[in-house]
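> Dumping the structure here so I can ask a few things about it.
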Amino acid sequence: MIYSDANEKWAPVPVEPYSKAYEVSNLGRVRSVPRLANSEYFIRHIHGGFLKGRQRKDGTKTVTLSVQRQRTKFVIAELVAMAFGEVTANA
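Take a look at the structure:
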């Protein structure tokens, strides 16, 4: 488990509408950004924190991001490649 690294850089997730709610690091970690979530009836404060993610049977690590009840599953390596301008092996 990586707790902190001086070389770790964070960038917003390069997919809308998730860019204001989540960040991805060059080491492959994903975290949520502290924010307020509005609904019809109340305002909710969402605390920031690291997301655990999952590992598929083929070994690929994925994470599910959610904004305004819209959930999407992403491959973490692809998010890192998009955020930091690296080319993926699948491209």
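Position 15 of the sequence shown, counting from 1, maps to 15 under the UniProt record's numbering, and the rest follow consecutively.
Just so you know, even glycine gets a beta-carbon here, dropped at the ideal spot from N, CA and C.
1. Beta strand (DSSP E) containing L65: first to last residue?
2. Go ahead and pull the three-state DSSP assignment for F74.
3. Please report the distance separating the alpha-carbon of V13 from that of S19.
4. Alpha carbon to alpha carbon, how far is V33 from L79?
5. Using only the alpha-carbon positions, how far apart do I76 and Q68 sit?
Taking the geometry as given:
1. 61-67
2. strand
3. 5 Å
4. 16 Å
5. 21 Å
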